[in-house]
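Taking it in order: structure first as structure tokens, then the write-up.
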Amino acid sequence: MDGTVVDRLVEANERYAAAFTDPGMDARPVLEVAVVACMDARIDLHAALGLELGDCHTVRNAGGVVTDDTIRSLAISQRALGTRSVVLIHHTGCGLESLSEDFRQELEREVGQRPTWAVEGFTDVDQDVRQSLRKVRTSPFLPHTDDVRGFVFDVRTGRLREIKAQ
Ligand SMILES: [Zn+2]
């Protein structure tokens with residue numbers, strides 16, 4: 042392959058833009074939904090959920106966990122851009138399952154500075170989805186918390202399994 046991986050992405054964008062037509066949308070998601078999901082490369086959110094361009098907000102991070110920054114994005118999504126539903130997606134085989142807060146200690150030893158963020162590692166993915174559901178449903182910053190649902194995506198079957206809050 043010639044060039045770096047980013048060169049390859051830029052070339053792909055040339056082709057994308059050549060075929061692109063202005064969809065004429067504004068920034069408000071058509072389906073009024075925000076999806077919070079793990080950054081895992083095996084999850085194609087739009088394909089897995091039948092989403093089209095402009096349908097939803099996607100907020101992704103390591104684990105799909107609900108951090109202060111996730112709440113920040115959801116607050117803007119709901120208050121400024123009209124979304125009303127939230128979908129949380131964690132998944133099987135997540136890299137965070139093998140990480141603990143030891144990761145922070147190791148980082149601190151290595152670089153001489155403790156990160157301000159939690160690793161948010163977990164051992165039970167169902168329990169982690171429940172915790173994320175709770176954080177969204179109890180956030181004082183979110184006006185719409187009546188339609189918040191959580192799922193585990195199976196990276197081998199492509200299927201979602203819903204996790205009910207307890
Ligand atoms: Zn993951």
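Letter 52 of the sequence shown, counting from 1, is numbered 93 in the working numbering, and no numbers are missing.
Glycine included, every Cβ here is placed at the ideal spot set by N, Cα and C.
Values in this document were obtained by computation on a predicted structure and should not be read as measured data.
For Gly104, the shortest C-beta to heavy atom distance toward ligand 1 is below 7 Å. Between Glu161 and Val106, the C-beta gap is smaller than 8 Å, which places the two residues in contact. Within the DSSP secondary-structure output, Asn102 pairs in a beta bridge with Cys79. Short of 8 Å from the beta carbon of Ile112, and not among the five residues preceding or following it, lie these beta carbons of its own chain, in chain order: Lys176, Val177, Ser180, Phe182, Leu183. DSSP places Leu183 in the coil class of the three-state scheme, outside both helix and strand.
Between Val76 and Thr99 a beta carbon distance of about 5 Å is seen, short of the 8 Å cut, so the two are scored as contacting. The C-beta separation of Val170 from Thr133 comes to about 12 Å, leaving the pair out of contact by the 8 Å criterion.
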